[in-house]
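Engineer:
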Amino acid sequence: MSPKSSNFAGEMKIGVFDSGYGGLTILEKIRQRLPEYDYLYLGDNARAPYGTRSFEVIYEYTLQAVEWLQAQGCRLIILACNTASAKALRTIQQHDIDPNKVRVLGVIRPTVEYVIANGAKHIGIMATPGTVSSNSYVMELEKVESSALVISQVACPMWVPLIEAGEHNSDGADYFVKKYISELVQKDDQLDTIILGCTHYPLLLPKISAEVAQRLSDCKVVCQGDIVAASLKDYLGRHPEIASDLSHGGTCQYITTESAAKFRDSASIFLSEPITASHIEF
Ligand code: DGL
Numbered sequence: 189m190s191p192k193s194s195n196f197a198g199e200m201k202i203g204v205f206d207s208g209y210g211g212l213t214i215l216e217k218i219r220q221r222l223p224e225y226d227y228l229y230l231g232d233n234a235r236a237p238y239g240t241r242s243f244e245v246i247y248e249y250t251l252q253a254v255e256w257l258q259a260q261g262c263r264l265i266i267l268a269c270n271t272a273s274a275k276a277l278r279t280i281q282q283h284d285i286d287p288n289k290v291r292v293l294g295v296i297r298p299t300v301e302y303v304i305a306n307g308a309k310h311i312g313i314m315a316t317p318g319t320v321s322s323n324s325y326v327m328e329l330e331k332v333e334s335s336a337l338v339i340s341q342v343a344c345p346m347w348v349p350l351i352e353a354g355e356h357n358s359d360g361a362d363y364f365v366k367k368y369i370s371e372l373v374q375k376d377d378q379l380d381t382i383i384l385g386c387t388h389y390p391l392l393l394p395k396i397s398a399e400v401a402q403r404l405s406d407c408k409v410v411c412q413g414d415i416v417a418a419s420l421k422d423y424l425g426r427h428p429e430i431a432s433d434l435s436h437g438g439t440c441q442y443i444t445t446e447s448a449a450k451f452r453d454s455a456s457i458f459l460s461e462p463i464t465a466s467h468i469e470f
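Okay, so the sequence shown: first residue is 189 according to this note's numbering, each after it adds one.
Structure follows, in structure tokens:
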């Protein structure tokens with residue numbers, strides 16, 4: 189064990205951060221695969237969506253969240269948010285944290301590695317305006333795969349607000365699902381893989397899958413939860429010095445910058461189990 193990381197042996201949590209409810213789609217899969225650890229979920233619901241905000245603001249908000257989670261005793265923090273992973277992760281890793289005290293991981297790289305390992309060639313990326321404009325997926329895909337890929341991106345600015353407002357099962361959501369998938373298919377009607385590059389989007393999966401099946405034959409729709417969970421398990425296997433710092437109570441606490449009651453009610457629906465939440469303010 190590294191002497192630098194042994195101060196906290198067995199005491200620390202895994203933090204999971206998102207702008208709002210979307211990271212719950214990642215947390216749920218992580219907890220299914222790694223139920224033994226203690227988790228602290230932070231949703232910055234009061235300031236969501238992030239996807240339409242500037243680089244500076246997304247970075248500032250994400251750094252606040254990382255610092256807060258670290259202060260609560262997180263040894264490992266997952267940015268379960270593509271927008272934060274695209275806009276803030278690298279700067280935070282390089283300038284703002286001491287990796288001997290905390291590690292911060294994102295969701296884009298594992299997703300890219302997964303789709304390439306599964307033979308994707310014509311790839312569609314559906315994400316927030318922030319993630320699309322960062323070009324992070326395109327750059328990561330081209331780093332991982334040297335042979336020619338056909339990559340198309342569509343920004344879906346209305347999907348996160350619909351989900352944060354609890355309107356993802358409404359008829360209004362149908363309109364925006366059709367609109368953005370139609371834009372993507374107009375760019376490439378040979379798509380074999382669509383990456384849902386925002387952790388909120390699995391909440392629209394039934395509508396998205398139905399629309400994709402009508403328009404494309406044999407196109408996979410990729411959600412990130414299982415991919416990130418598998419990648420985290422692999423990471424902890426490769427970093428026993430971090431795994432051994434983590435506590436094994438099997439608990440999960442939920443924190444929101446919005447109303448705790450609102451978060452509890454909405455999150456309980458997404459997670460299909462009752463939860464309690466606490467409120468903090470930045
Ligand atoms: N779940 C976040 C993501 O993956 C949503 C971003 C937002 O708040 O717009 O990108």
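Backbone N, C-alpha and C fix where the C-beta goes; we use that ideal spot for every residue, glycine too. Model, not experiment: these values are computed from the prediction.
#1: Does Gly231 come out as helix, strand or coil in the three-state DSSP assignment?
#2: For the region 364-374 against the region 326-338, are there 3 or more C-beta pairs whose distance is under 8 Å?
#3: At the level of alpha carbons, what is the spacing between Ala398 and Arg452?
#4: What are the boundary residues of the alpha helix (DSSP H) that Thr250 is part of?
#5: Pull up the distance between the alpha-carbon of Ala431 and that of Asp359, whole angstroms please.
#6: For Val348 versus Ala465, is the C-beta distance shorter than 8 Å?
#7: Between Glu244, Glu216, Lys450 and Ile311, which has its C-alpha nearest Thr279's C-alpha?
#8: Is the Cβ-Cβ distance between Leu212 and Leu230 less than 8 Å?
#9: Sorry if obvious, but does the Cβ on Gly210 come closer than 7 Å to a heavy atom of the ligand DGL?
#10: Please name the residue in Ser435, Thr316 and Glu461 whose C-alpha comes closest to that of Leu350.
#11: For Phe205, which beta-bridge partners are listed by DSSP?
#12: Is Val348 near the ligand DGL - that is, is its Cβ less than 7 Å away from at least one heavy atom of it?
#13: Could you give the C-beta distance for Asp232 and Ala253, rounded to a whole number, given that I count them as a contact under 8 Å?
#14: Taking 7 Å as the limit between beta carbons, can you name the residues of its chain near Leu251, skipping five residues before and five after?
#15: Please report how far the alpha carbon of Ile468 lies from the alpha carbon of Ser321, in whole angstroms.
#16: Under 8 Å by Cβ, that's how I've got Gly385 and Thr319 pegged, so tell me the actual separation to the nearest angstrom.
#17: When the Cβ atoms of the region 263-277 are set against those of the region 294-301, are three or more pairs found closer than 8 Å?
#18: Which residues in the same chain have their Cβ closer than 7 Å to the Cβ of Glu216, if we skip the five residues on either side of it in sequence?
#19: Tell me where the beta strand (DSSP E) around Thr381 begins and ends.
#20: Going by other Cβ atoms of all chains shown within 10 Å of its Cβ, with 16 needed for buried, is Lys201 buried or exposed?
#21: Keeping to the same chain, check which residues put their C-beta closer than 6 Å to that of Ser456; ignore five residues upstream and five downstream.
#22: CA-CA distance, Leu420 and Ile218?
#23: Assuming Tyr325 and Ile246 make a contact with CB atoms under 8 Å, what is their CB distance in whole Å?
#24: Do Ala236 and the ligand DGL come close, with the Cβ less than 7 Å from some heavy atom?
#25: Anyone know if the C-beta pair for Gly210 and Thr387 falls short of 8 Å?
#26: Determine the DSSP secondary structure at Tyr325, reduced to helix, strand or coil.
#27: Determine the direct distance from the alpha carbon of His356 to that of Leu392, and round the result to whole angstroms.
#28: I need the straight-line Cα distance from Thr439 to Thr299, nearest angstrom please.
Structural biologist: With the structure as the only source:
#1: Here residue 231 refers to the residue found at position 43 when the sequence shown is read from its first residue. If DSSP states are grouped into helix, strand and coil, Gly231 belongs with the strands.
#2: The region 364-374, when compared against the region 326-338, does not touch it at the 8 Å Cβ threshold.
#3: Taking the first residue of the sequence shown as 1, we reach residue 398 at position 210. Taking the first residue of the sequence shown as 1, we reach residue 452 at position 264. Those two C-alpha atoms are separated by around 29 Å.
#4: Looking up residue 250 in the sequence shown gives position 62. From DSSP, the alpha helix (DSSP H) with Thr250 extends over Phe243 to Ala259.
#5: Here residue 431 refers to the residue found at position 243 of the sequence shown. Here residue 359 refers to the residue found at position 171 of the sequence shown. Distance between the alpha carbons of Ala431 and Asp359: 45 Å.
#6: Counted from its first residue, the sequence shown places residue 348 at position 160. Counted from its first residue, the sequence shown places residue 465 at position 277. Going by C-beta atoms, Val348 is not nearer than 8 Å to Ala465.
#7: Translated into the one-based positions of the sequence shown, residue 279 becomes position 91. Here the closest residue by C-alpha is Glu244.
#8: Against the sequence shown, residue 212 aligns to sequence position 24. Against the sequence shown, residue 230 aligns to sequence position 42. Result no, Cβ atoms of Leu212 and Leu230 do not sit closer than 8 Å.
#9: Position 22 of the sequence shown holds residue 210. Because some heavy atom of the ligand DGL lies under 7 Å away, the Cβ of Gly210 counts as near it: yes.
#10: Within the sequence shown, numbered from 1, the residue matching residue 350 stands at position 162. Here the closest residue by C-alpha is Thr316.
#11: On the sequence shown, position 17 is the one that residue 205 refers to. DSSP, once it has assigned bridges, lists Leu230 and Leu267 as partnering Phe205.
#12: Stepping through the sequence shown from its first residue, residue 348 is reached at position 160. Yes, Cβ of Val348 sits closer than 7 Å to a heavy atom of the ligand DGL.
#13: Reading the sequence shown from its first residue, position 44 is the one you call residue 232. Reading the sequence shown from its first residue, position 65 is the one you call residue 253. Their Cβ separation, rounded to whole angstroms, is 6 Å, which keeps Asp232 and Ala253 in contact under 8 Å.
#14: Position 63 of the sequence shown holds residue 251. Excluding positions up to five away in sequence, the list reads Ala276, Ile280 and Asp284.
#15: Within the sequence shown, numbered from 1, the residue matching residue 468 stands at position 280. Within the sequence shown, numbered from 1, the residue matching residue 321 stands at position 133. About 30 Å.
#16: Counted from its first residue, the sequence shown places residue 385 at position 197. Counted from its first residue, the sequence shown places residue 319 at position 131. About 6 Å; that satisfies the 8 Å criterion.
#17: yes
#18: Along the sequence shown, one-based indexing puts residue 216 at 28. Closer than 7 Å at the Cβ level, and outside the excluded window around Glu216, lie Gly413 and Leu459.
#19: In the sequence shown, the residue the question calls residue 381 occupies position 193. Note, Thr381: beta strand (DSSP E), Thr381 to Leu384.
#20: The count along the sequence shown starts at 1 and reaches residue 201 at position 13. Looking at its Cβ environment, which holds 16 or more other Cβ atoms inside 10 Å, Lys201 is buried.
#21: Position 268 of the sequence shown, counted from the start, is the residue given in the question as residue 456. The answer, listed in chain order, is Pro462 and Ile463.
#22: Looking up residue 420 in the sequence shown gives position 232. Looking up residue 218 in the sequence shown gives position 30. Roughly 8 Å between the two C-alpha positions.
#23: Start at 1 with the first residue of the sequence shown, and residue 325 comes out as number 137. Start at 1 with the first residue of the sequence shown, and residue 246 comes out as number 58. About 16 Å; that fails the 8 Å criterion.
#24: To locate residue 236, count along the sequence shown from 1; it is residue 48. Because some heavy atom of the ligand DGL lies under 7 Å away, the Cβ of Ala236 counts as near it: yes.
#25: Within the sequence shown, the letter at position 22 stands for residue 210. Within the sequence shown, the letter at position 199 stands for residue 387. Yes. Within cutoff.
#26: Translated into the one-based positions of the sequence shown, residue 325 becomes position 137. Correct three-state label for Tyr325: helix.
#27: By one-based count along the sequence shown, residue 392 stands at place 204. By one-based count along the sequence shown, residue 356 stands at place 168. So the two alpha carbons sit approximately 6 Å from each other.
#28: Taking the sequence shown and counting its residues from 1, one reaches residue 439 at position 251. Taking the sequence shown and counting its residues from 1, one reaches residue 299 at position 111. Approximately 26 Å between the Cα atoms of the pair.
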